[in-house]
Each structure stands twice: as C-alpha cells, then as structure tokens.
DNA sequence: AGTATGACTCATT
DNA sequence: AAATGAGCCATAC
C-alpha cells in the first residue's frame, strides 16, 4: 500500500516513528497510516482498542488520535477494518460513523464476533493487543 | 497563531 | 456506580 492519502496528508511533524518497532514502515508513513497498518493486521474475529493501538504506536495517552485516524481512514481509499477497533470497554463507540449505525455490528458478527447492546461479547477473550502480538 | 473539537482513557468526586 | 475534569495531539477554522 502506498500513500492512499491523496492530496492532503498530514506532514509528520511528530516523530513518534522513532518509537515504532516498524521503522521501515514509519519512514514514509504518516501517523494515520501507522494506525491503519496495525488495524489491518488485526486477525479476523478479533478486536482491539484505540488505546492498545495508541500504546503500540507510543502515544498511548492519546487514543483520540487513533480514532481520528480511523475517521480519516473511512474517508480514505484504504479499507481499514474499523469495525475491529472499539474502545477499551468493548463498546462500538464508532458505529455512528459508519455508513449506518448498524453496519459496524453486522460486519463484526459476520466475522464471528458476537455483539450485544453495542458491546463486543467476551471482548477480553478476543482482544488482540498489537503491542503484545506484534512483539513490541 | 489561537481556539475548538474529537470513533479515548484515566483519575477524582 | 455515575458524573466530571483533565490529559493527549492532530485537524479545521
């Protein structure tokens, strides 16, 4: 994947990449792309949280940016499985940003993830921590 | 260049 | 246990 960001892409003024284990990627990848890269690696049927991704990127205190990146991803051509990214509670906090509020849940259930009342069932069980799984 | 906002999270009340 | 404040940092205006 190569800069699908099109015209306006954030100039990486921040050097969070230094902390990234995946420097080869970070070299030319922006913060968003870093987030997407992680999101794309989430195994099917598993989910992770904004904070986990943020933590992996070294900015765990700013999980907001991850969500922001997801928002940008939706607008981008990159197909990021944003449905696999939920908040720390396992709640589909971002469902309202999908095409339809129910789309996120449907996508998850289609992948074998049970969702109930906007929350991932057994969230802890299928939780996928990038910092852990990717060998931080 | 300063202010406001957000698909978050944590600590305190 | 629910509500509130604060921290975080990139974007938009």
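Numbering (my numbering), first residue to last: 10 to 145. Beta carbons: idealized from backbone N, C-alpha and C, even for Gly. It should be emphasised that the depicted structure is a prediction, and the values quoted were computed from it without experimental measurement.
Problem set entry | Reduced DSSP category for residue 125 - H, G, I as helix; E, B as strand; rest coil | strand
For this session: Specify, as a first and last residue, the run of the alpha helix (DSSP H) that residue 118 falls within.
Result: First-last of the alpha helix (DSSP H) with residue 118: 112-119.
Exercise. Three or more beta-carbon pairs under 8 Å between the region 35-54 and the region 126-141, yes or no?
Worked result: yes
For this session: Check residue 136 in the structure and name its three-state DSSP category.
Result: strand
For this session: Using only alpha-carbon positions, find the residue among 55, 47, 110 and 69 that is nearest to residue 79.
Result: 47
For this session: With a 10 Å radius around its C-beta and 16 neighbouring C-beta atoms as the bar for buried, classify residue 68 as buried or exposed.
Result: Residue 68 is buried by the Cβ-count criterion.
Exercise. With respect to the alpha helix (DSSP H) encompassing residue 81, which residues constitute its N-terminal and C-terminal limits?
Worked result: That run of the alpha helix (DSSP H) goes 72-84.
Exercise. In terms of residues, what are the limits of the alpha helix (DSSP H) holding residue 49?
Worked result: Where residue 49 is concerned, the enclosing alpha helix (DSSP H) stretches over 40-49.
For this session: Please determine if the region 109-116 and the region 73-87 are in contact, where contact requires at least 3 C-beta pairs separated by less than 8 Å.
Result: No: the two stretches stay apart, fewer than three of their Cβ pairs being nearer than 8 Å.
Exercise. Residue 98: buried (16+ other C-beta within 10 angstroms of its C-beta) or exposed?
Worked result: exposed
Exercise. Is the region 116-133 touching the region 53-65, taking contact as three or more C-beta pairs under 8 Å?
Worked result: Output reads yes: the region 53-65 touches the region 116-133.
Problem set entry | N-terminal and C-terminal residue of the alpha helix (DSSP H) that residue 64 is part of | 59-66
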